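**Student:**
This is the structure:
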């Protein structure tokens with residue numbers, strides 16, 4: 247895993263200045279379009295298409311960034327795993343915090359490669375191996391207790407956090423030449439019990455959704471008692487991103 251000093255820590259937006267002014271960009275998992283609209287500013291003679299599986303997010307993005315004010319920016323619904331688009335191949339396909347939701351992120355690579363020009367670039371960030379490790383270890387301990395064990399009996403993982411090595415077969419299959427692949431770790435601080443629990447419920451719904459409402463207060467309390475990454479101000483979380491930059495051969 248790559249650990250970087252604070253002043254040299256990479257960010258997803260670092261790739262934006264690489265866009266030629268005339269480039270065609272596809273943003274996979276665009277959400278409500280904040281970063282997508284920022285990309286459009288880098289390609290005044292080009293265009294950006296933001297896609298997301300959530301229709302509500304696309305409707306909101308389209309209203310926030312209408313074509314009358316953003317003529318080189320569009321939004322549409324699409325599934326990251328298939329990307330069935332009636333579009334010419336793109337110069338860049340980018341994605342942030344989305345592909346881990348495909349269950350196995352590599353399953354999205356063939357669709358991305360199919361929509362890339364030869365020589366085009368895939369630049370993606372998604373949750374990687376080690377993300378939320380202390381959370382997962384605490385949940386594992388909790389679900390081993392008799393009180394909670396039955397709730398996890400039929401649990402099925404909806405996402406897998408993968409290593410760089412796990413991606414290699416897809417790079418070969420998709421004829422992608424890897425320029426960069428690394429796990430980047432960041433520790434974030436969440437102040438106070440309420441904010442931490444809200445963050446957990448939003449970001450780990452597969453697990454908290456197993457617990458009925460009447461039992462949640464006790465489950466939350468036992469989780470917080472077990473969770474190791476505490477500070478005087480609140481709680482800490484390990485955020486690990488797998489960063490991949492690759493060129494279509």
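Numbering (the numbering used here), first residue to last: 247 to 495. Backbone N, C-alpha and C fix where the C-beta goes; we use that ideal spot for every residue, glycine too. Please read these numbers as outputs of a predicted model, since none were measured by experiment.
1. Run through the stretch 338-408 for me and flag every whole alpha helix (DSSP H) of 4 or more residues, listed as ranges in chain order.
2. Say whether the stretch 350-367 touches the stretch 294-309, bearing in mind that this needs 3 or more beta-carbon pairs closer than 8 Å, one atom from each stretch.
3. What is the rounded straight-line gap between the Cα of residue 350 and the Cα of residue 371?
4. Say whether the stretch 264-282 touches the stretch 336-346, bearing in mind that this needs 3 or more beta-carbon pairs closer than 8 Å, one atom from each stretch.
5. For residue 461, which of helix, strand or coil comes out of DSSP?
6. Where do the N-terminal and C-terminal ends of the alpha helix (DSSP H) with residue 449 fall, by residue?
7. For residue 435, which option in 354, 427 and 446 has the closest C-alpha, if you only look at C-alpha atoms?
8. Along the chain, where does the alpha helix (DSSP H) that runs through residue 302 open and close?
9. Could you give the distance in angstroms between the alpha-carbon of residue 360 and the alpha-carbon of residue 335?
10. Can you check which of these residues, 380, 283 and 320, is closest to residue 476 by C-alpha distance?
11. Can we say the stretch 397-412 touches the stretch 455-465, given the rule of at least three CB pairs closer than 8 Å?
12. Whole angstroms are fine: how far does the CA of residue 412 sit from the CA of residue 256?
13. Closest to residue 486 by C-alpha separation, out of 420, 376 and 267, would be which residue?
14. Near residue 456, which residues of its chain fall below 7 Å by C-beta distance, leaving aside the five closest residues on each side in sequence?
15. Looking at C-alpha atoms only, which residue of 298, 292 and 313 is the closest neighbour of residue 327?
16. In the DSSP assignment, the beta strand (DSSP E) including residue 490 goes from what residue to what residue?
17. Quick check on DSSP: helix, strand or coil for residue 328?
18. Going by the DSSP bridge assignment, what does residue 270 pair with across the sheet?
19. By alpha-carbon positions, which one of 419, 461, 484 and 454 ends up nearest to residue 353?
20. DSSP on residue 475, reduced to helix/strand/coil?
**Tutor:** Answer, in terms of the structure:
1. Runs found: 355-360, 379-389 and 392-395.
2. Contact between the stretch 350-367 and the stretch 294-309 is not established, with fewer than three Cβ pairs separated by less than 8 Å.
3. Going from the Cα of residue 350 to the Cα of residue 371 covers about 14 Å.
4. Verdict: yes, contact present.
5. The DSSP-derived three-state label of residue 461 is helix.
6. Unbroken alpha helix (DSSP H) run through residue 449: 439-449.
7. Comparing Cα-Cα distances from residue 435 to each of 354, 427 and 446, the minimum goes to 446.
8. Counting along the chain, residue 302 sits inside the alpha helix (DSSP H) bounded by residues 301-310.
9. Annotation: residue 360 to residue 335 spans about 8 Å, alpha carbon to alpha carbon.
10. Taking the Cα of residue 476 as reference, the smallest distance to any Cα among 380, 283 and 320 is reached at 380.
11. Yes: at least three Cβ pairs fall under 8 Å.
12. One C-alpha to the other measures close to 22 Å.
13. Among 420, 376 and 267, the Cα nearest to that of residue 486 is on 376.
14. Contacts found: 397, 398 and 401.
15. Looking at the Cα atoms, 298 is the closest of the given residues.
16. It spans 480-494 - the beta strand (DSSP E) in which residue 490 sits, taken as one unbroken run.
17. It is coil, neither helix nor strand.
18. Beta-bridge pairing links residue 270 to 293.
19. Nearest in C-alpha terms to residue 353, of all of 419, 461, 484 and 454, is 419.
20. In this structure, residue 475 counts as coil in the three-state DSSP scheme.
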